[in-house]
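Each residue of the sequence shown is one higher than the one before, counting from 5 in our numbering. Since the structure comes first, as structure tokens, the remarks are kept for the end.
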Amino acid sequence: MINKYYQAIKEAVDSEGIITDDKVLTGFSGHRMVRLLQNVSKVRLNDTTCYVEVGVFQGLTLLSVAKEVKNAPVYGIDNFAFFDRNGKNLSIVNERTKKLQLSNVNIINEDYEDALENLSTHIGNKKVGVYFVDGPHDYRSQLMCLELIKPFLAEDAIIIIDDCNYRHVRQANRDFLFNNKEFKLMFESYTKCHPLNLNDTERKEAEKDFWNGVNVLVKDSGNKLKESYPPTHRDRTLFENEHIIQTSKHPDAITHLLPLSNYFGGFIKSLSKKKAAQPGKFKMMNTYSDELPKNQFNNSLS
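This is the structure:
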């Protein structure tokens, strides 16, 4: 199965991207990301397994996979609490499902922790062959999305994690891999920053590619791959800052002050003797991924 995954991922990397009807399906995922999901799903899914993703948005990845593997059920977990100002995303997903005449799509309209803790009530006796993580990107949510799925994974299951340009996302992936040695990092790819901070030409290339970085993990029970970890930093300042915020008197109010922080941050930093945990490159979507590898497979596969 490892070799089949390798061929499926490599085909996506070498391709022009998405295998779908973009007149119906649109969203934020990179084209090669969607193709990777479709490819590995065709390799792994059968009548005893299913596809599960956390973070549906308007259904681009979920429905693109459903179109390619109509013999297997696909499940999307989302309570549509974010990126849905007008409360229309669920109806958009349902409308697109109907237009594409898909009968294997299942929406679990719940918080991801509630859904994953009780996943058997939704998928029954099936095991998860392909798992796509694109939900909340805070460190704890990233780690819990990985920990909670473990009892439901099939042998040789594959996990695809989006938005790995973010340092805290990679840290959660690394911590999971370090504490669960049966899982291995098989593939990783990053852009030099969040695509919204790229110029027009670079952004178009990121749209064709994996958008904001990807890590692919596999359940390697046969221990065929070498231990490998996504790039991280030992500096814990970012996580210590979270503790400082949460133990302040009004932690919720601090998020409303972020625009002021962006405005005055450079001046305040210049007065501080302490070295900043991260340089301030952009007003938003700081990823600091400019030195990370592109399209890198596990050394065992080279």
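By construction, the Cβ of each residue, glycine as well, lies at the ideal position given by its N, Cα and C atoms. None of the values given here were measured: they were computed from a predicted structure.
Extract the residue ranges of the beta strand (DSSP E) inside the region 215–266, only unbroken runs of 3 or more that lie entirely within it. 218–223
What are the boundary residues of the alpha helix (DSSP H) that includes aspartate 18? In the sequence shown, residue 18 corresponds to position 14, counting from 1. From DSSP, the alpha helix (DSSP H) with aspartate 18 extends over 6–18.
For methionine 190 versus valine 222, is the C-beta distance shorter than 7 Å? Within the sequence shown, residue 190 is the residue found at index 186, counting from 1. Within the sequence shown, residue 222 is the residue found at index 218, counting from 1. Result yes, Cβ atoms of methionine 190 and valine 222 sit closer than 7 Å.
In the DSSP assignment, what are the bridge partners of asparagine 203? By one-based count along the sequence shown, residue 203 stands at place 199. DSSP lists no partner for asparagine 203.
Just the Cα atoms here: how many angstroms apart are leucine 29 and leucine 67? Here residue 29 is taken as the residue at index 25 of the sequence shown, counted from 1. Here residue 67 is taken as the residue at index 63 of the sequence shown, counted from 1. Approximately 8 Å between the Cα atoms of the pair.
With lysine 131 as the anchor, note down where its beta strand (DSSP E) starts and where it stops. If you number the sequence shown from 1, residue 131 lands on position 127. That run of the beta strand (DSSP E) goes 131–137.
Less than 7 Å between C-beta atoms, sequence neighbours within five positions excluded: which residues of the same chain meet that for asparagine 108? Working through the sequence shown from its first residue, we reach residue 108 at position 104. These residues qualify, in order along the chain: Ala70, Lys74, Ala76, Pro77 and Val78.
One question on the structure: do asparagine 50 and alanine 12 come within less than 7 Å of each other, judged by their Cβ atoms? Numbered from 1 along the sequence shown, position 46 holds the residue referred to as residue 50. Numbered from 1 along the sequence shown, position 8 holds the residue referred to as residue 12. No; because the gap between Cβ atoms is not below 7 Å, this pair is not in contact.
Check serine 107 in the structure and name its three-state DSSP category. Residue 107 sits at position 103 when you count from the first residue of the sequence shown. Serine 107: coil per DSSP, three-state reduction.
Let me know if aspartate 82 comes out buried or exposed under the rule of 16 or more other beta-carbons within 10 Å of its beta-carbon. Numbered from its first residue, the sequence shown carries residue 82 at position 78. Buried.
Compute the beta-carbon to beta-carbon distance between isoleucine 162 and tyrosine 10, rounded to the nearest angstrom, for a pair I have assumed lies under 8 Å. For the purposes of this step, residue 162 is taken as residue 158 along the sequence shown, with counting starting at 1. For the purposes of this step, residue 10 is taken as residue 6 along the sequence shown, with counting starting at 1. Wrong, their Cβ atoms sit about 11 Å apart, outside the cutoff.
With a Cβ-Cβ cutoff of 7 Å, do serine 304 and leucine 229 count as a contact? Looking up residue 304 in the sequence shown gives position 300. Looking up residue 229 in the sequence shown gives position 225. Yes, they are a contact pair.
If you draw a straight line from the alpha carbon of glutamine 62 to that of asparagine 93, how long is it in whole angstroms? Along the sequence shown, one-based indexing puts residue 62 at 58. Along the sequence shown, one-based indexing puts residue 93 at 89. In a straight line, the C-alpha of glutamine 62 is about 5 Å away from that of asparagine 93.
Nearest to threonine 195 (by Cα), restricted to the options Tyr292, Tyr143 and Glu231: Walking along the sequence shown from the start, residue 195 turns up at place 191. Residue Tyr292 is the option with its Cα nearest to threonine 195.
Decide if the region 128–139 is in contact with the region 156–174; the criterion is three or more beta carbon pairs, one per stretch, under 8 Å apart. yes
Nearest to leucine 181 by CA position, among Asp224, Arg171, Lys212 and Asp166, is which residue? Here residue 181 refers to the residue found at position 177 when the sequence shown is read from its first residue. Nearest C-alpha to leucine 181: Asp224.
In this structure, how does DSSP classify leucine 296 when only helix, strand and coil are distinguished? Taking the sequence shown and counting its residues from 1, one reaches residue 296 at position 292. The answer is coil: DSSP assigns leucine 296 none of H, G, I, E or B.
contact_flag[the region 170–178, the region 137–149] where n(CB pairs < 8 Å) is 3 or more: yes
Between the alpha carbons of isoleucine 153 and glutamate 117, how many angstroms are there, rounded? As a first step, residue 153 must be located in the sequence shown, where it is residue number 149. As a first step, residue 117 must be located in the sequence shown, where it is residue number 113. Whole-angstrom Cα-Cα distance: 10 Å.
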